[in-house]
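With the first letter of the sequence shown counted as 1, position 82 gets the number 93 in the numbering used here; the numbers rise by one all the way through.
Note that CB positions come from ideal geometry on N, CA and C, so glycine has one too.
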Amino acid sequence: MSGFEPVGRWLWSVLQQLGIEREFRVRRALLSWSQIAGEAVAQAARPLRMEGGTLWVAVKSSAWAQELQFQKETLLERLNAECGIDAFREIRFVVRNPLPDFVPLSPGSGRGGLEGEGSMSEISPEHIELTPEERAALERSVAVIEEPSLRAAIYRARAASLRYEKWRLAMGWRRCERCGEWHTESARLCFICRE
Numbered sequence: 012m013s014g015f016e017p018v019g020r021w022l023w024s025v026l027q028q029l030g031i032e033r034e035f036r037v038r039r040a041l042l043s044w045s046q047i048a049g050e051a052v053a054q055a056a057r058p059l060r061m062e063g064g065t066l067w068v069a070v071k072s073s074a075w076a077q078e079l080q081f082q083k084e085t086l087l088e089r090l091n092a093e094c095g096i097d098a099f100r101e102i103r104f105v106v107r108n109p110l111p112d113f114v115p116l117s118p119g120s121g122r123g124g125l126e127g128e129g130s131m132s133e134i135s136p137e138h139i140e141l142t143p144e145e146r147a148a149l150e151r152s153v154a155v156i157e158e159p160s161l162r163a164a165i166y167r168a169r170a171a172s173l174r175y176e177k178w179r180l181a182m183g184w185r186r187c188e189r190c191g192e193w194h195t196e197s198a199r200l201c202f203i204c205r206e
């Protein structure tokens, strides 16, 4: 039994080999935004996207932008602690009123990823069905992983990511034609690329 290692250690190794460990850690930290920033700040400021080491955050007003400028170092420390690596180097605040609808919340927080009554009760990423072709492609992508529990964990993670992408499309999100980031506006480019 001494030859066995925890699956978690293997998972991080596979994520590193796939070149997605950093992005996985960043996304995981952003899912905890309301806990990191606090509920009051989370109601007035929402992460938009990560570009390099810079996190772009939408805020309700210039007063909030100024207030959060004073809290920036604390937010960076908390984000990096949650992330487990120093991925966040800078935070830029941009005034967007109204704030974008999407709020990165952790699963089980009691609220969905979109504001508004009933918008998530009708559809959520977990309820998005994958086609047989998509499932077959996922199976092929993990077939090289020899350890069964790790293969199953990677499969579940990739399936969840694919469901989430399909959910965003179903909810009217689109990819920016310049940078490829998701946004909720009707424009071809996200607001950062437009500016």
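Is residue i helix, strand or coil when you go by DSSP?
i: I165; result: helix
i: I96; result: coil
i: W75; result: helix
i: W184; result: coil
i: P159; result: helix
i: A140; result: This sequence places Glu at residue 140; Ala is not what is there. DSSP places E140 in coil when its eight states are reduced to three.
i: L196; result: The sequence shown places Glu at residue 196, not Leu. Correct three-state label for E196: coil.
i: L59; result: strand
i: L66; result: strand
i: S43; result: coil
i: Q80; result: helix
i: G119; result: Confidence at G119 is low in this model, with a pLDDT of 33, below 50, so its placement is unreliable and the value that follows should be read with caution. Coil.
Over the uninterrupted alpha helix (DSSP H) stretch that includes residue i, give me the two end residues.
i: R146; result: P143 to V153
i: A55; result: E50 to A55
i: C204; result: F202 to R205
How far does the beta strand (DSSP E) with residue i in it extend, from its first residue to its last?
i: R103; result: E101 to V106
Straight-line CA distance for residue i to residue j?
i: L86; j: P143; result: 42 Å
i: F99; j: R146; result: 34 Å
i: R89; j: I47; result: 6 Å
i: G183; j: H194; result: 9 Å
i: E188; j: I203; result: 12 Å
i: C190; j: A40; result: 22 Å
i: S197; j: I156; result: 40 Å
i: H138; j: S43; result: 22 Å
Using a 10 Å radius around the Cβ and a threshold of 16 neighbouring Cβ atoms, would you call residue i buried or exposed?
i: I96; result: exposed
i: V37; result: buried
i: F104; result: buried
i: R57; result: buried
i: A163; result: exposed
i: A181; result: exposed
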